[in-house]
Amino acid sequence: MIAKNLRELLPEFTSDRTFLSALVVCSGASLVALRWLKQRNIHWKTEEAKKRRELGLQEMEKAVQRFKKENPLAQSNTILPLSLVELAGKLQDGSLSPESVLYAYMGKALEVNKEVNCLTDFLQECESQVQELKSKTEKGPLYGIPFSIKQAIPCKGYDSCCGILNQGVLDQEDNVTIQVLKKQGAVPFVKTNISQTLICYDCSNPVHGQTLNPLNHKRSPGGSSGGEGALISAGGSIIGLGSDTGGSVRFPSSFCGICALRPTAHRLSVLGMREPIDGQTEVPTVIGPMARDVDSLVLCMRALLCDEMFRLDPTVPPIPFNEEVFSRLTPLRIGYYDTNSHFPSTPSMRRVVHETKMILEEAGHTLIPFTPPELDWNPFELFTRLFFADGGSAFLEKFKGNFVDPHLQDAVNTCKIPFFIKKTMATLLKPWSPRVASSLNSMCEARSVKDLWAHQKIRQDYCQTFIAEWRRLNLDVVLGPMLGPAFNIGYPGKLLVAVCPTVQYSILNFPVGVVPVSTVTQEDERQLKDYTQYNNDKFEKLMNKALEGGVGLPLSVQCVALPWQEELCLRFMKEVETLTAAKKRS
1 MIAKNLRELL PEFTSDRTFL SALVVCSGAS LVALRWLKQR NIHWKTEEAK
51 KRRELGLQEM EKAVQRFKKE NPLAQSNTIL PLSLVELAGK LQDGSLSPES
101 VLYAYMGKAL EVNKEVNCLT DFLQECESQV QELKSKTEKG PLYGIPFSIK
151 QAIPCKGYDS CCGILNQGVL DQEDNVTIQV LKKQGAVPFV KTNISQTLIC
201 YDCSNPVHGQ TLNPLNHKRS PGGSSGGEGA LISAGGSIIG LGSDTGGSVR
251 FPSSFCGICA LRPTAHRLSV LGMREPIDGQ TEVPTVIGPM ARDVDSLVLC
301 MRALLCDEMF RLDPTVPPIP FNEEVFSRLT PLRIGYYDTN SHFPSTPSMR
351 RVVHETKMIL EEAGHTLIPF TPPELDWNPF ELFTRLFFAD GGSAFLEKFK
401 GNFVDPHLQD AVNTCKIPFF IKKTMATLLK PWSPRVASSL NSMCEARSVK
451 DLWAHQKIRQ DYCQTFIAEW RRLNLDVVLG PMLGPAFNIG YPGKLLVAVC
501 PTVQYSILNF PVGVVPVSTV TQEDERQLKD YTQYNNDKFE KLMNKALEGG
551 VGLPLSVQCV ALPWQEELCL RFMKEVETLT AAKKRS
């Protein structure tokens with residue numbers, strides 16, 4: 001039809017060769033035009049999403065100003081310094097009103113957002129929810145506590161698009177965990193920024209932009225729950241919810257100097273939760289709390305592990321918070337290690353693990369060297385083979401009709417490489433750059449269902465081997481390194497292979513918490529310059545550039561327990577936090 005119309009419109013073409021040449025030119029021009037129109041359409045949708053966000057934040061600003069005008073004596077500076085436990089007590093006894101607390105945190109969140117760009121939505125229902133709370137005779141344990149929520153966790157009437165334009169589709173109901181929070185008296189008031197598709201552990205996407213680390217604006221706040229980490233660290237929220245597949249509540253907590261808990265999968269409900277890869281269950285996504293101290297995480301878990309949670313989601317085991325385990329005072333048998341063989345810890349991280357080990361020993365706990373079992377594939381490779389079992393095709397589909405964030409470009413490019421080329425490149429590079437070869441191999445899809453089952457069997461065997469070694473040493477918990485300090489912006493996307501410390505426990509599905517214990521010293525910085533483990537390969541050079549200039553930034557450790565032992569994990573975290581604080585005071 002197109003050819004016939006062209007002949008009618010262009011009768012001067014007298015030969016097929018001339019006509020075909022014109023057709024090629026017109027077709028090429030059409031493809032360029034279509035590509036341009038597509039780009040303009042994506043740009044328009046992105047701008048519309050940004051406008052919706054700005055209108056919401058403007059409404060938030062108006063609400064704060066209105067409250068200040070109506071309550072000129074309200075003083076946020078007496079509210080914001082309170083810990084969550086102190087704040088909850090004052091709300092329970094009536095010495096503080098839920099309105100004064102909500103608007104104090106709304107005002108502070110707006111200040112923080114102007115500095116680091118961490119908010120995506122103002123949850124306008126929070127104002128009416130506060131009024132409803134006042135009419136109730138019973139006060140839940142989180143009565144009047146403002147909560148921030150990671151953008152990927154569904155809230156009714158809002159967008160949980162994960163940095164992917166979804167043409168204005170809004171969530172039809174709250175995630176179950178959000179419903180329980182509200183039932184317990186908490187007031188969700190903002191949603192926070194994330195990395196696009198939740199894959200990268202930086203915090204940037206084409207819709208809401210780059211979030212900065214409040215401790216150093218040249219640094220990443222971590223991801224994918226980076227907006228939560230930045231907001232809580234800077235005082236704009238007292239507690240929030242993030243999600244974690246490969247470390248997404250742990251990275252922001254480490255980079256921003258706060259605490260977080262990654263629970264066992266299904267200890268908290270994830271119904272309705274946006275997943276990085278839909279249908280992928282072998283490496284589960286979990287929801288976890290993030291806060292400035294461990295006591296806040298404990299209060300949150302106490303409130304969430306209730307009959308309402310078990311009623312709304314029958315797949316959550318009805319296991320209430322075990323006070324006896326959390327409150328037990330007997331000394332712990334603690335395994336510890338300071339590095340892994342695939343991506344060795346930096347000097348600063350090894351230092352803080354050993355310093356934490358020493359203060360635990362001085363407090364009467366037994367510390368036992370623990371070597372995580374080795375397997376043929378390192379934790380990153382096993383994680384990636386399970387997570388990208390299709391070679392990344394489902395991941396790539398998410399970008400249809402969307403821009404790709406620059407921080408994800410390396411991952412997207414790798415997924416696009418055909419299987420046989422990745423395999424060939426991995427084989428050729430293995431003698432000279434084993435970590436690059438391992439990274440390429442990990443992105444090679446399972447070629448059959450049998451292959452996928454074989455990968456799953458490796459994970460199951462690894463889990464059993466890990467637990468067997470844990471049992472052999474009769475351990476209660478394990479102390480291990482975290483990734484940190486905060487990377488310079490742009491490097492997390494280039495160093496996905498550096499996530500071994502966190503993905504190990506995602507594969508195992510163990511509860512694990514992050515606690516800040518120290519900061520980077522000048523000596524740490526000096527040792528980093530001389531630090532080589534893999535003959536200065538590509539990743540090592542990138543790692544040094546990612547971390548340089550980090551003096552004064554926080555360093556954290558991971559506190560690990562066996563599955564379903566969140567209370568023991570929190571007890572261990574509290575011990576580390578308390579002893580670290582005492583050491584700093586001495």
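In UniProt numbering, the protein residues as written are 1 to 586. Positions of the beta carbon are idealized from the N, C-alpha and C atoms, including for glycine. Just so we're clear, the structure is a prediction, and the values are computed from it rather than from any experiment.
It is roughly 19 Å from the alpha-carbon of R350 to the alpha-carbon of L542. Restricting attention to F255, N71, Q184, H208, the CA atom closest to the CA of Y201 is found in F255. With fewer than 16 other Cβ atoms inside 10 Å of its own Cβ, F419 counts as exposed. With the rule of 3 Cβ pairs closer than 8 Å, the stretch 305 to 317 does not count as touching the stretch 273 to 288. Rounded to whole angstroms, W432 and N441 show a C-alpha spacing of 15 Å. For Y143, the three-state secondary structure derived from DSSP is coil. The Cβ-Cβ distance between I199 and P276 falls below 8 Å. According to the DSSP assignment, C256 belongs to the alpha helix (DSSP H) that extends over 250 to 256. Nearest to P481 by alpha-carbon distance, out of G163, Q565, V560, H365, is V560. Between I258 and G223, the gap from beta carbon to beta carbon reaches 8 Å or more. Of V517, G185, R571, the smallest CA-CA separation from L555 is found for V517.
In the DSSP annotation of this structure, R328 is not part of any beta strand (DSSP E), being labelled neither H nor E. Looking at the DSSP output, F122 shares a beta bridge with V190.
Contact check for V112 and V187: beta-carbon distance about 18 Å, past the 8 Å limit, so the pair fails to qualify. Distance from the CA of A63 to the CA of V85, rounded to the nearest whole angstrom, comes to 26 Å. Excluding residues up to 5 positions away in sequence, I164, L165 lie with their Cβ nearer than 6 Å to the Cβ of N402 in the same chain. Between the alpha carbons of S160 and I368 lies a distance of about 44 Å. About 5 Å separates the beta carbon of G550 from that of V520, a gap short enough to meet the 8 Å contact definition. Of all alpha-carbon atoms in D390, R471, E228, G94, the one lying nearest the alpha-carbon of R447 is that of D390. Note that the C-beta distance between D338 and S345 is below 8 Å.
One thing to note: L142 has its Cβ no nearer than 8 Å to the Cβ of K108. Apart from the 5 residues on each side of it in sequence, L297 sits with its Cβ closer than 7 Å to the Cβ of C259, L261, P289, A291, L570 in its chain, given in chain order. Burial is judged here by how many other beta carbons sit within 10 angstroms of a residue's own beta carbon; K150 has at least 16 and is buried. Residue pairing by DSSP places A260 opposite M290, V514 in a beta bridge. Annotated three-state conformation of T366 is strand, per DSSP.
Between the beta-carbon of L360 and that of D313 there is about 36 Å, and that puts the pair past the 8 Å contact cut. If the five residues before and after S269 are omitted, its C-beta is found closer than 8 Å to the C-beta atoms of N175, V176, T177, V180, I287, M309, L312, D313, T315, V316, all from its own chain and listed in chain order. With respect to the 8 Å criterion, T366 and I334 are classified as neighbours on the basis of their beta carbons. Taking 4 residues as the shortest admissible run, the stretch 441 to 521 contains the following complete alpha helix (DSSP H) segments, listed from N- to C-terminal end: 449 to 472, 500 to 508. Note that the C-beta distance between S220 and I489 is below 8 Å. Counting only runs of 3 or more residues that sit fully inside the stretch 48 to 134, the beta strand (DSSP E) segments are 119 to 122, in chain order. When secondary structure is reduced to three states using DSSP, D524 falls in the helix class. For the stretch 170 to 214, the continuous beta strand (DSSP E) assignments of 3+ residues that do not extend past its boundaries occur at 187 to 192, in sequence order. Beta-bridge annotation (DSSP): V560 is paired with V478, V512. Close CB contacts of F321 within its chain, under the 7 Å cut and outside five residues either way in sequence, are with M301, R302, L305, E567 (chain order).
With respect to the 8 Å criterion, L102 and P146 are classified as neighbours on the basis of their beta carbons.
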